[in-house]
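Reading through the structure tokens given below for one structure.
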Amino acid sequence: MIALIPLFPLLGFVINASLGRRLPKTISGGLASLAMLASFAVSLAVVWQVASRAPAQRFVEQTLYTWIASGDFVLDLTFRVDPLASVMILVITGIGSLIHIYSTAYMHEERSGEYARYFSYLNLFAAFMLVLVLGANFLVLFVGWEGVGLCSYLLIGFWFEKKSASDAGKKAFIVNRIGDYAFILGTLLVFVRFGTLDFQRIASAVAPLGPESMFGTLSVATLLLFIGATGKSAQIPLYVWLPDAMEGPTPVSALIHAATMVTAGVYMIGRNAVLFSHAPETMAVVAVIGASTALMAGTIGLVQNDIKRVLAYSTVSQLGYMFLAMGVGAFGAGIFHLYTHAFFKACLFLGSGAVIHALHGEQDIRNMGGLKAGLPITYWTFLIGSLAIAGVPGLAGFFSKDEILFETFAHGHQILWVIGILTSLLTATYMFRLVFLTFHGERRHDAPAPEDAEEEEPSRLSHQPASGASHRHDAGSHLHDAPTAMALALIVLAFGSVLAGYAGVPRALGGHNALGAWLAPSFTARSVTTLADQQVGQVGEAGGAGETGAAGLELSLMVVSSIIAIVGIGLAAFIWLKRREVADKAAAAFPGLYRLLLNKYYVDEVYDAAIVQPIRIVSQEGLWRGIDVHVIDGAVNGVATIVDGWSSLLRRLQSGSVRAYAGSLFIGVVLILGYYLWR
Amino acid sequence: MPETILFYLFSGVAVVASALVIGQRNPMYSIMLLIASFGALSALYIQLDAPFVAMAQIIVYAGAIMVLFLFVVMLLNAPQEDAAGWDRTHPLRRSGVGRFGALLAGLLIVQLVWALSRATGAATAVGARGDVAAISSVRAVGRVLFTDYMFAFEATSVLILVAMVGAVLLAAREGGR
Amino acid sequence: MIPLGHYLIVSALLFAIGTAGVFLRRNLITILLSIEIMLNAVNLTFVAFGRSQGTVDGQIITFFVMTVAAAEAAVGLAIVIGLFRHRESLNPDAFTLLKW
Amino acid sequence: MDQSTLRFVIQLLIIGFTFFMLINASALLVLAERKIMGFMQQRYGPYLVGPHGLLQPLADILKLLFKEELRPKDADKWLFTLAPIISVTAAFAAFAAVPWGAETTFFGLLDTPVKLGVADVNVAVLVVFAITSMGVYGIVLAGWSSNSKYSLLGGLRSSAQMISYELAYATALASVIMLAGSLSLREVVDAQSGYWWGFIPRWYLFLQPVGFIIYVIAGVAETNRAPFDFPEAEQELVAGYNTEYSSVRFALFPQAEYINMTTMSAVATDLYLGGWHGPLLERYGLGWMWFLAKVGLILFVYIWMRWTVPRYRYDQLMTFGWKWLFPASVINLIVTAALVLYFNA
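Residue numbers (the numbering used here), protein chains in the order written: chain E, 1 to 679; chain C, 1001 to 1177; chain F, 2001 to 2100; chain S, 3001 to 3345.
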């Protein structure tokens, strides 16, 4: 049953990859979407099955077969669905299928071979992602982990004819390698420590021991795992690949780099909540990294001009939020935000995709504006998404983000809370800068007004989306709003971004944090019940905090953050609607800061100087020119020379005359016989 | 006593014939002489109470192998040893080489005789042990051949097959059927 | 009765003659004949020893030697024919192509 | 004259008798052949020399003796002379191993019986086989040494033919040997003494009909007789290997051929027809007469065959030998072996 969930997309991948180029687009695309929908249905069934049980044993397992059995180390290929996983699979399959549907329209200009390739990658990614979240032990998870990495590489570099795209793909892959390396080390360490890789066993092995006071095995292991997470989930210091990943098709950005893959790190930490919560140092590191990533990404996002890059940075910053939550031990809150974020970020990306689609590959927001009339659906959905992410009360982002902030505060990390608040201000600001620059104001692009609709678009098939400004020339065609498939996805997601939040309305607002309660068992070691309760108390604050009279505090924090959100929006409105020049003035006022932000704190350059160049130089000058050429080649050639020299001597023996050979043989016989006779 | 005479007679024939074989320039004569030598040898085998071997010697060597040689010689219309000009330059054409070879052969004989002179039991009569009936009976030979030496026997059969195929392949004209 | 040594000496002589033949003759066929002589010398030794041991094994080995001789003659002569087709010669020194 | 010398003398006599008979055989066979041929072709054949031309062979021999010896200039002197000698020697020698009579005391003249036959070898079959195979050399050498195309071709053909048919021949022999369980012809013969159900003689002819036929055919081919007489296929090769021969040297070849025929028949008699065993003559120690009679019968068949069956084509001969006769003989051998195993176990 569970195995079916990743199986359907895999099937889709196989079909599309093998005979996709022979299938017509509608079939290959429809097939892929169908596969996703099927696995979504299966996931629903499974989740229902899980939900219908008592909270204590809310999990279903399926062991396909014993994968590795060497000595006493036995590793099964096991899938397990528990509350956490169920949330994940629902998000992945649900949003995944929406994005598939969206893609059928978005990628329609591709040649059918490319089209099939795209969808096969997409399906493969979904399959691996599901394996990742379903895996019941580190190794299975790691399989998915690497798989999604691979698919992300393939999809980012989907338009590999573009150098920037293929470079971006390589960058993502290599940066992830670093993280994965650490992740493997962490896994091995965990195995050495506990002798098992199964999450539940580890948890129940960890539970009895108290939190690690000093910096020890657990901390190191968790830290390594966390580095892996930073790789996948684009946190400092390994976030650099995500903005470049926007070279890929927009739906890919939505699916992989907003909704699913980048949350793998968060998921992994949540999956090992017990383990992490026993390593306070690591938790602190996680929290700090998360907060600082959030802030930094926000600041960068403020000045970017590429619509997708802005969204990318906002993704990074939201991920920062999630890690902050994880770091402060509010796992429930983190997952909650993950889940809401999936909706509105996907919505925003798809919206941006629609814009780019409409403008035939235009991505620079300075060349947009005034699209509101032209693209009503896109506009409204995009607006809702922005409101949600900005944390306007009543929308999805509001609940999750505030819960995170509240938990942060409640756990006594006031500084982090301040950073969080600041970030949410930034979030609101840059999101609405985006909205206003894109949709409001006068149009700064040569697309005609919607009213002169009699003109036909000249060369529809000739252009590809996202192929940069090279398509500016035919950008003058009719300004068309999102086609039905895209529109459908957008609308559904918009609704999602409104409603998703109500899954976890905090007690302070009279709700009873359903999601938190639902997730709670996943963050506890089930087997040891006595400790489990205490774990719930300690870890599952998501549900717990409400009782302890903190309701008032929570309410006041909510008010604060809502105000902040409103202020941010207002600020954006003031600057980018009323007085555009203020922005330029500000930029002129602090040129250094502006350039710093514009160039993303020069992080790429720093990495390049600190890591890439040294390695290149060492490998080129030292390894290649030095060792390879002189030592290795020298050895090989030397051997050859020696052999050559000797053979030129010995070949004189080979006269080719049979009798000569026989003679030498005969001489040998006589000599040997003589010797034996002599002694 | 008569058998001693016969022994010396036949061994003499064998040795002299063989010596003439290699002293001969015409391969045809060499072959005939070799056949004679084989006949003498088979006589020696009979003296050694190995009649079956003796007959096999004649049938196989004289009757088959030598005929083969004969055919080849006739087929190639065997030339006398050619002293074609183009291979005079070859190092082995120097007469010294031949003498050296003869010298080595002589040396070998000396060594072997010397070894024999030192060997124990070389002086004991051949027929001393074992009863003649058992050794000379074909039945005994067959029994041992098909039990103890079964594997070797089969192996030789394979060898023959391979040799046959190889010979056919080698002798077939280039591109011939 | 004839002592074993005599037979052995005869076979030694034959063997030496064969080896000498390989050297002295410059005709592939004669060389093959010389090889046959050597094989027969060995046969004689086998039979003589077998007789003196009072066993039939000597004779049996002889059969195997004969088999090998037959095979060797067949293949060898086939090669000789092939070579003769290439150069109208049976002189082994004419076939010194297999060298530097 | 004491026993041992007497014995020695008798042995000598037997050998001499055998030799004499063989020479006569060759002479008589020439006559017989011509007579029978004449009879078969409704004419007289030789009848001038002596009564009914009985002295014809003698006349032939005398004629040949007084002919001039011719030898081609380019012929190889030694081998040219050697060739006929080889053939005839081989022919005679082969018969040495053939026993032609039961052991007898010559009506009590000797106290211990003596075996009728030149030599009594315990591997007689092999000996006969080996020595007959030597006969090839005579022909090949004759063909090669006389340095003439016809001779060479004849020689090659005959040798190829003999070698091919030796296989079938030997295999046929082998099956009989398996039945008798001995390589000694005398034992083979004695194994055939007595009767089944009192009246059918225990001849291997009845156990080995196929073998017998194969043997006879192979024998004909071995002796280069019609319908397998390619070496002297007059139409194609003048007279084959003996084209260049004349006078005595020439005489030796047909003689060798007839002696070979006799040997074949004798061996056939020993192997298949129960040798000297036969009703009532044995009782008086005259079994060898039976032997003579049987040999004569087979010889008659030979001649008969020659004048009735036309000659094959060479390729047909080879095809027949390799693709029919040899496989048949092998199958016969296998079947025999199986049956022997079955009945002895």
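For glycine and all other residues, C-beta sits at the position ideal for the given N, C-alpha and C.
Length of the line joining the Cα atoms of residue i and residue j
i       : j       : result
E/L197  : E/L311  : 36 Å
F/G2054 : F/A2069 : 25 Å
S/A3119 : S/L3012 : 11 Å
E/F343  : E/L218  : 34 Å
E/A172  : E/K163  : 14 Å
E/S145  : E/R580  : For clarity, residue 145 of chain E is Trp in the given sequence; the question names Ser instead. Taking the straight line joining both Cα atoms gives about 44 Å.
S/A3170 : S/V3188 : 16 Å
E/F409  : E/A287  : 12 Å
E/H512  : E/F398  : 16 Å
E/L34   : E/G622  : 53 Å
S/M3037 : S/F3250 : 22 Å
E/R443  : E/E362  : 13 Å
C/V1144 : S/A3096 : 30 Å
E/W159  : E/C151  : 14 Å
E/D82   : E/F495  : 26 Å
E/A136  : E/F79   : 5 Å
8 Å contact criterion, which residue i and residue j should meet: CB distance rounded
i       : j       : result
S/M3261 : S/L3029 : 7 Å
C/A1014 : C/L1034 : At roughly 10 Å, the Cβ-Cβ gap does not stay under 8 Å, so C/A1014 and C/L1034 are not in contact.
E/V143  : E/M88   : E/V143 to E/M88, Cβ: 16 Å. No contact.
C/I1022 : F/S2034 : 6 Å
E/Y115  : E/S28   : 6 Å
S/G3278 : S/R3202 : Going by Cβ atoms, the distance from S/G3278 to S/R3202 rounds to 12 Å, so no, they are not a contact pair.
S/P3099 : S/L3185 : 5 Å
Any chain E beta carbon closer than 9 Å to residue i
i       : result
C/R1118 : yes
C/A1102 : no
Contact with chain C by residue i, beta-carbon distance below 9 Å
i       : result
S/M3040 : no
E/V670  : yes
S/I3131 : yes
S/L3079 : yes
S/A3338 : no
E/G12   : no
F/I2002 : yes
F/I2035 : no
S/W3322 : no
F/V2047 : yes
F/V2075 : yes
is_contact[residue i, chain S] using C-beta, thresh 9 Å
i       : result
C/S1037 : no
C/F1010 : no
Short Cβ contact (9 Å threshold) for residue i with residue j
i       : j       : result
F/M2038 : F/G2058 : no
E/S424  : E/G568  : yes
S/I3131 : S/G3154 : no
E/T323  : E/Q235  : The question names Thr, yet the displayed sequence has Phe at residue 323 of chain E. A contact, by the Cβ cut-off of 9 Å.
Residue i at chain F interface by Cβ criterion, 9 Å
i       : result
C/L1048 : yes
Item to check | Positions along the segment 160 to 180 of chain E whose CB lies within less than 7 Å of some CB in chain F | outcome: none
Item to check | Positions along the segment 1148 to 1165 of chain C whose CB lies within less than 9 Å of some CB in chain F | outcome: D1148, Y1149, A1152, F1153, A1155, T1156, S1157, L1159, I1160, V1162, A1163, M1164
Next on the checklist: By the 9 Å beta-carbon criterion, what residues does the segment 1015 to 1030 of chain C contribute toward chain F?
Outcome noted: V1015, S1018, A1019, V1021, I1022, G1023, Q1024, R1025, P1027, S1030
Next on the checklist: Please list, in chain order, the residues of the segment 649 to 668 of chain E that have any C-beta partner in chain C closer than 9 Å.
Outcome noted: S655, S657, R659, A660, G663, F666, I667
Next on the checklist: Against chain B, which members of the segment 3112 to 3130 of chain S pass a CB distance test of less than 8 Å?
Outcome noted: In summary, chain B is missing from the structure at hand, where the protein chains are E, C, F and S.
Next on the checklist: Can you pull out the residues from the segment 3160 to 3175 of chain S whose beta carbon lies closer than 7 Å to at least one beta carbon of chain C?
Outcome noted: I3163
Item to check | Near-chain F residues of the segment 1053 to 1064 of chain C - C-beta to any C-beta below 8 Å | outcome: V1053, A1056, Q1057, V1060, Y1061, A1064
Checklist entry - Taking Cβ-Cβ distances below 9 Å as the criterion, which residues of the segment 3133 to 3155 of chain S are in contact with chain C? => result S3133, M3134, V3136, Y3137, V3140, L3141, G3143, W3144, S3145, L3152, G3155
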